[in-house]
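Heads up: the structure comes next, in structure tokens.
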Amino acid sequence: KGLKAIVVDDEGADPIKYTNKDEFFKLAKEFNKQLAANPKTKNNQKYGTTGIVKAVNALGALPTKNFRYGSWEYAEELSGEKLYETITSRGGEGKTGIPCMNGCVIRCSTVYPDENGQCIVSTMQYENIALLGSNLGFDNLDSVARLNKEVNDLGLDAIEMGCALGVALDEGLGKFGDEASCMSLLNEIRRNTVVGRMLGNGALVTGEVLGSSRIPVAKGQGFPGYDPRALKGNGVTYAMSPMGADHTAGNCFGSRNEVDPLGTDKQGQLSKGIQIQIGTLDCLGLCMFARGPLFGDPSLLTGIVNSLLGSDFNEESIWDMAVKTIKLEREFNIGAGVSPANDKLPEYLYYEKLPPMDSVFDLSEEEMQRAII
51 KGLKAIVVDD EGADPIKYTN KDEFFKLAKE FNKQLAANPK TKNNQKYGTT
101 GIVKAVNALG ALPTKNFRYG SWEYAEELSG EKLYETITSR GGEGKTGIPC
151 MNGCVIRCST VYPDENGQCI VSTMQYENIA LLGSNLGFDN LDSVARLNKE
201 VNDLGLDAIE MGCALGVALD EGLGKFGDEA SCMSLLNEIR RNTVVGRMLG
251 NGALVTGEVL GSSRIPVAKG QGFPGYDPRA LKGNGVTYAM SPMGADHTAG
301 NCFGSRNEVD PLGTDKQGQL SKGIQIQIGT LDCLGLCMFA RGPLFGDPSL
351 LTGIVNSLLG SDFNEESIWD MAVKTIKLER EFNIGAGVSP ANDKLPEYLY
401 YEKLPPMDSV FDLSEEEMQR AII
């Protein structure tokens, strides 16, 4: 509809009023203390979100060469450990442990420098490395960083462009692992050519124009850095959540030790529960990396919210806001033409085995429906 932006003018708005300021800051202090002590927080401070590259690769879920494989022999060269080593050894403008905003305890942002210590791009995230790295056949972080910078400069999403480029390379428009090929394709977007407009519209349009039978999308959105054949809970999230292929809607990777990622049961309920948890954080404006202390002790979450707003949430009702929001999102989708008929994954995932686990996406419709909120 041509909508470009929504501007909210806060002039004359009332400042935040605490219902119980002392209680709020007491609980907030405890929250920050627990968050800072969390091992995952310390890992994020050192490696950013790239600390999971090797774990996803070991799981067999790392997107590789347009999602044809679930592991990459050069994953070590794209890992968080390699990122940290490169940034610290090159020095200059390179940094790790950068807060995205004042007061952030997690500090998962990075600045990735070139060999002369000059910034190439900030920040290098797991998703960017997975989709612009292994998914395009790259074995080094420098190439990924340069592609990431170019995608950022074009104002495009790194995940979507990684998927679109993967499809294009798979269909012969370039070579996997060839930086010049990928840069040339991105330059088509900059020049606004026919090929550029195709790529700029994302993976689905790129695949449809090229006649591909392997388009890694759900609800028109490119897959993030987890192949659903090896992490089936995420496949449920991609297909059944209103947001489509979006790991931030309900990423099941963190529950891989509780529910078998390759199993055919418990996946629907797992995805549903995580969608509600993450949806609650979204409603409250909180980062998903803050979930450890809050989900470990929901009374801490309700206490913080109630002492600020004067509400009366308890450990059951606090999740209701997410349930209502997700239902509203589904209603919006239906009104926009995205119906339950779109609650599905690409057909090739159901029959094409994913090495090295040789798994397919084989959940029953009954299991998928368990994720409906």
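The numbers in my numbering rise by one with no breaks, and the one at position 108 of the sequence shown is 158.
Even for Gly, the Cβ is constructed at its ideal location relative to N, Cα and C.
Being a predicted model, the structure only gives us computed values, none of them experimental.
Give every residue of the same chain whose Cβ lies closer than 8 angstroms to the Cβ of residue i, excluding the five residues on either side of it in the sequence, and list them in chain order.
| i | result |
| --- | --- |
| MET174 | GLY98, THR100, LEU133, THR160, TYR162, LEU191, VAL194, ALA195, ASN198 |
| TYR68 | PHE74, SER357, LEU358 |
| GLY285 | PRO278, ARG279, GLN317, LEU395, LEU399, PHE411, LEU413 |
| SER389 | ASN383 |
| GLY385 | none |
With distances taken from CA atoms, which of the options is nearest residue i?
| i | options | result |
| --- | --- | --- |
| ASP277 | CYS232, TYR400, ILE384 | TYR400 |
| LYS83 | THR136, GLY272, ALA340, MET248 | ALA340 |
| GLY183 | ASP59, CYS169, CYS213 | CYS213 |
| ASP412 | ASN202, LYS282, PRO406 | LYS282 |
| ALA108 | ALA125, LYS96, ASN93, LYS115 | ALA125 |
| PRO405 | ILE328, VAL106, LYS71, GLY120 | GLY120 |
| GLY471 | LYS403, GLN168, GLY153 | With the chain represented from 51 up to 423, any question about residue 471 goes unanswered, as that position is not in the structure. |
| LYS76 | LEU350, LYS377, ILE170, ALA253 | LEU350 |
| PHE303 | LEU344, LYS104, GLU381 | LYS104 |
| ILE376 | ASP72, GLU61, ASP347, LYS322 | LYS322 |
| PRO348 | GLY385, GLU366, LEU53, GLU61 | GLU366 |
| LEU336 | GLY387, ALA391, PHE81 | PHE81 |
| ASP164 | GLU135, TRP122, PRO149 | GLU135 |
| GLY270 | GLY387, ILE56, LYS54 | GLY387 |
| ASN307 | VAL106, ARG241, LEU215 | VAL106 |
| LEU260 | ARG241, LEU215, ASN237 | LEU215 |
Would you mind stating whether residue i and residue j have Cβ atoms separated by less than 7 angstroms?
| i | j | result |
| --- | --- | --- |
| ALA372 | CYS333 | yes |
| GLY187 | GLY227 | yes |
| PRO113 | ALA180 | yes |
| GLU177 | PRO274 | yes |
| GLY342 | ASN88 | yes |
| GLY272 | ILE209 | yes |
| GLY224 | LEU206 | no |
| ILE328 | MET338 | yes |
Using C-beta distances below 7 angstroms, list every residue in its chain close to residue i, excluding the 5 sequence neighbours before and after it, in chain order.
| i | result |
| --- | --- |
| ASN364 | THR352 |
| THR91 | LEU85, VAL155, ILE156 |
| ALA268 | TYR288, ALA289, GLY294, ALA295, LEU395 |
| ALA78 | ILE354 |
| GLN319 | ARG420 |
| LEU312 | ALA280, LYS282, MET407, SER409 |
| ILE265 | VAL217, ALA253, LEU254, GLY257, PRO396 |
| ASP362 | ASN356 |
| PHE345 | GLN327 |
| LYS403 | SER409, VAL410 |
| TRP122 | ASN107, LEU112, THR114, SER184 |
| GLY360 | THR69 |
With residue i and residue j assumed to form a contact (beta carbons below 8 angstroms), what rounded beta-carbon distance in angstroms separates them?
| i | j | result |
| --- | --- | --- |
| PHE117 | ASN185 | 7 angstroms |
| ILE422 | MET290 | 6 angstroms |
| GLU200 | MET151 | Rounded, the Cβ-Cβ distance is 26 angstroms, inconsistent with contact. |
| GLU221 | SER262 | 6 angstroms |
| THR314 | GLU417 | 7 angstroms |
| GLY147 | LYS96 | 7 angstroms |
| ASP189 | GLU127 | 5 angstroms |
| ASN202 | VAL171 | 7 angstroms |
Please go through the same chain and pick out, in chain order, the residues whose beta-carbon is closer than 6 angstroms to the beta-carbon of residue i, but skip the five residues on each side of it.
| i | result |
| --- | --- |
| ILE239 | LEU204, GLY246, LEU249, GLY250 |
| TRP369 | ILE326, THR330 |
| ASN93 | GLY101 |
| MET211 | VAL201 |
| VAL309 | LYS316, LEU320 |
Exercise for the section: Evaluate the contact criterion for the region 296 to 316 versus the region 138 to 145: three or more CB pairs, one atom per stretch, below 8 angstroms. Expected result: The region 296 to 316 is not in contact with the region 138 to 145.
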